[in-house]
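Under the numbering used here, residue 238 is the last one in the sequence shown; the count climbs by one each step, no gaps.
Backbone N, C-alpha and C define an ideal beta-carbon position, used for all residues, glycine too.
Heads up: the structure comes next, in structure tokens.
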Amino acid sequence: MKTIKLITALSLALFFAGLTSVFAQTDGPITSGIAKLPISYVVNIEHNADLTGYGCTYYVSIADENGRMVAPAQLFHLGTWTYTFREFSEFPVKVRIARMEQDPRAACPGTYKFDPVTLPGPFMPGRQYTFKLAPVKQ
Numbered sequence: 101m102k103t104i105k106l107i108t109a110l111s112l113a114l115f116f117a118g119l120t121s122v123f124a125q126t127d128g129p130i131t132s133g134i135a136k137l138p139i140s141y142v143v144n145i146e147h148n149a150d151l152t153g154y155g156c157t158y159y160v161s162i163a164d165e166n167g168r169m170v171a172p173a174q175l176f177h178l179g180t181w182t183y184t185f186r187e188f189s190e191f192p193v194k195v196r197i198a199r200m201e202q203d204p205r206a207a208c209p210g211t212y213k214f215d216p217v218t219l220p221g222p223f224m225p226g227r228q229y230t231f232k233l234a235p236v237k238q
């Protein structure tokens, strides 16, 4: 009788442990029991030895074809050359544009300009895509 109680207790414990792991929160939101995977965008900022123009305030961002940001812009920090953005989508998305723009409120002579980089999709959930932004001295 003790063996049956022990096996029953272990079975129930394993059953509830399994349920807990099935319903645990993943990195993304859960919709109808299926976890959405993020689309990851990695923006690499090319840099060189002459960093005088990088002293201004810049923001790195990812936008769609209409110019709407798909993730919050990130403040550029001198010495950090890689920025990662995540977008949650159940479907492939079409076009994404990486930008690095100077804060319009800051006037800095001898700064850099960064041409936006546009990549055509489709961008699939669960995958990572890389953009490379190169500075042009103004």
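Cβ pair residue i, residue j closer than 8 Å
i: E201; j: Y158; result: yes
i: A198; j: V143; result: yes
i: L137; j: P216; result: no
i: V193; j: F214; result: no
Inter-residue CB distance, residue i and residue j (contact presumed, cutoff 8 Å)
i: T218; j: V195; result: 6 Å
i: E187; j: I139; result: 5 Å
i: V160; j: A173; result: 7 Å
Residue environment, residue i, which counts as buried when at least 16 other CB atoms sit within 10 Å
i: L233; result: buried
i: G221; result: exposed
i: P129; result: Below a pLDDT of 50, predicted positions are generally treated as unreliable, and P129, at 49, falls in that range; no measurement from the model is reported.
i: F176; result: buried
Span of the beta strand (DSSP E) around residue i
i: S140; result: P138 to I145
i: E201; result: V193 to Q202
i: P176; result: A quick correction: the sequence has Phe, not Pro, at residue 176. From DSSP, F176 is part of no beta strand (DSSP E); its letter is neither H nor E.
i: R186; result: T182 to F188
i: G221; result: V217 to F223
i: V236; result: P235 to K237
i: A207; result: Note, A207: premise wrong, no beta strand (DSSP E); not H, not E.
i: V160; result: Y158 to A163
beta-carbon residue i near the ligand MN non-hydrogen atom, thresh 7 Å
i: R168; result: For the structure depicted, the ligand MN is absent and the ligand set is empty, with no information on it obtainable.
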